[in-house]
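Per the working numbering, numbering through the sequence shown is continuous, rising by one, with the last residue being 993.
Notes follow the structure.
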Amino acid sequence: MKKIYLLAVTAMLAFSANAQFSDDLESYDLGPLEDGNWTGWAGLESDLAIVTATRSFDGAKSAVINTALQDALLLTGNSPASGTWTMSFKMYVPSNKSAYFNIQGSDVPGGAFLSGDIYFNAANGAPGLGEDLNANAPATFVFPHDAWFDVKLIVNMDAATYSIKIDNADSIIDSPFNAASTNFASIDLYYASDTDEYYIDAVNYAEGLLGADEFSADVFTVYPNPVVNTLNIKSASAVDNVTIYDVLGKEVLSVNPDAISPSVDMSNLTSGAYLVNVTIGNASKTIKVLK
Numbered sequence: 703m704k705k706i707y708l709l710a711v712t713a714m715l716a717f718s719a720n721a722q723f724s725d726d727l728e729s730y731d732l733g734p735l736e737d738g739n740w741t742g743w744a745g746l747e748s749d750l751a752i753v754t755a756t757r758s759f760d761g762a763k764s765a766v767i768n769t770a771l772q773d774a775l776l777l778t779g780n781s782p783a784s785g786t787w788t789m790s791f792k793m794y795v796p797s798n799k800s801a802y803f804n805i806q807g808s809d810v811p812g813g814a815f816l817s818g819d820i821y822f823n824a825a826n827g828a829p830g831l832g833e834d835l836n837a838n839a840p841a842t843f844v845f846p847h848d849a850w851f852d853v854k855l856i857v858n859m860d861a862a863t864y865s866i867k868i869d870n871a872d873s874i875i876d877s878p879f880n881a882a883s884t885n886f887a888s889i890d891l892y893y894a895s896d897t898d899e900y901y902i903d904a905v906n907y908a909e910g911l912l913g914a915d916e917f918s919a920d921v922f923t924v925y926p927n928p929v930v931n932t933l934n935i936k937s938a939s940a941v942d943n944v945t946i947y948d949v950l951g952k953e954v955l956s957v958n959p960d961a962i963s964p965s966v967d968m969s970n971l972t973s974g975a976y977l978v979n980v981t982i983g984n985a986s987k988t989i990k991v992l993k
């Protein structure tokens, strides 16, 4: 009975850790990205996003879509069928370049799109203008070129609607799903035209309607990543708690620094991947860290 209980607790912790995540792209090697929540549509290397050091929002790396055949998936990891979930990230689209994504109800080829085709300066024909070609509720919005901007996707599985905020402006509001689907599976980052070149960084995913301070890259950053012995947390406010889980969801370390920009001793942890959950006031986020 005790063994069953421990397994249940471990499974619950693993689900909790995987149901929300943050990804600053810093832990990946340069080149094709198939790791963690990143994969490709058809399982081919040509599908994958590319980790690049050409530009980044925070740190040294980001993911880029700029080559024919790229069709990358940014997975939610838990494919929720109910509740409200938010996926946010930073995007950069250079002048005279385009971008595209859609919200997937399935990560299986041929699965349902929750959104329409969402274009940014489609085929370089409308600089600064985006459009969602949802058959049920087509919409347009504005975005900046040559600057990192916020993209926030709010998916309400119970109401079967999604909203999109660009730099916190309501760009698409409660648009009905484009097709019947029971899950929020992924964001499809696709090379839609020969003018496509766009960068993704500072990805955050969690349940609920995230406030402006929650899961923002401006709240805190962690370094180095990979870590040797000491993980440093750079923050403007006092960090209340740091809890570290292994990849199975088991808690391996928890500290309450109650200090601005604390350091956490990870020297006793074995080499591998960890999920580091940092809490500051009412905001928290989980970051993947390698050791």
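C-beta: ideal position from N, C-alpha, C; glycine also.
Keep in mind it's a predicted model, so treat the numbers as computed, not measured.
Verify the CB distance criterion: does residue i have a CB-CB separation below 9 Å to chain C?
| i | result |
| --- | --- |
| A849 | Checking the listed chains, one finds no chain C in this structure; it contains a single protein chain. |
Which one or two residues does DSSP pair with residue i in a beta bridge?
| i | result |
| --- | --- |
| I875 | Bridge partners of I875: none, in fact. |
| P734 | I752 |
| K987 | V980 |
| E747 | DSSP, once it has assigned bridges, lists no residue as partnering E747. |
Taking residue i and residue j to be in contact with their CB atoms under 8 Å, please state how far apart those CB atoms are, rounded to whole angstroms.
| i | j | result |
| --- | --- | --- |
| D898 | I767 | 6 Å |
| S725 | V905 | With the sequence shown as reference, residue 725 is identified as Asp, and Ser is not the correct amino acid for it. About 4 Å; that satisfies the 8 Å criterion. |
| I935 | S969 | 16 Å between Cβ atoms; not a contact. |
| S817 | Y864 | 6 Å |
| Y893 | L771 | 7 Å |
| A744 | I902 | Contact doesn't hold; Cβ gap of about 20 Å is too wide. |
| N739 | L777 | 4 Å |
Would you report the Cα separation of residue i and residue j, rounded to the nearest angstrom?
| i | j | result |
| --- | --- | --- |
| K799 | Y821 | 11 Å |
| S956 | G910 | 25 Å |
| V941 | V991 | 18 Å |
| A882 | A762 | 39 Å |
| L775 | I875 | 24 Å |
| S973 | S986 | 25 Å |
| N979 | K792 | 21 Å |
| A961 | S939 | 8 Å |
| G983 | S748 | 42 Å |
| I946 | N931 | 14 Å |
| A824 | F851 | 17 Å |
| P959 | P840 | 48 Å |
| S918 | T988 | Confidence is the limiting factor: at S918 the pLDDT is only 49, short of 50, which leaves the residue's position unreliable, though a coordinate-based value still follows. Rounded to whole angstroms, S918 to T988 spans 11 Å at the Cα level. |
| P928 | N838 | 45 Å |
| G813 | V966 | 43 Å |
| A914 | E833 | Because A914 sits at a pLDDT of 44, beneath the cut-off of 50, its placement in the model cannot be relied upon, and the point is left open. |
| A713 | P846 | For A713, the predicted model reports a pLDDT of 41, less than 50, meaning its position is unreliable; a value from the coordinates is still stated below. So the two alpha carbons sit approximately 42 Å from each other. |
| P796 | A828 | 13 Å |
| A801 | S873 | 16 Å |
| R757 | E728 | 12 Å |
| A769 | S895 | With the sequence shown as reference, residue 769 is identified as Thr, and Ala is not the correct amino acid for it. Distance between the alpha carbons of T769 and S895: 9 Å. |
| G779 | F843 | 28 Å |
| L831 | A783 | 32 Å |
| F886 | I868 | 20 Å |
| V924 | L891 | 26 Å |
> Are the stretch 854-862 and the stretch 780-793 touching by the rule of at least three beta carbon pairs closer than 8 Å?
Replying inline: yes
> Counting Cβ pairs closer than 8 Å, one from the stretch 725-733 and one from the stretch 747-763, do we hit at least three?
Replying inline: yes
>> Please give me, in chain order, every unbroken run of the beta strand (DSSP E) with length at least 3 that falls completely inside the stretch 753-797.
In response: 764-767, 773-777 and 786-794
> Enumerated in chain order, which unbroken segments of the beta strand (DSSP E) with a length of 3 residues or greater are wholly contained in the stretch 890-956?
Replying inline: 900-909, 922-925, 932-937 and 943-948
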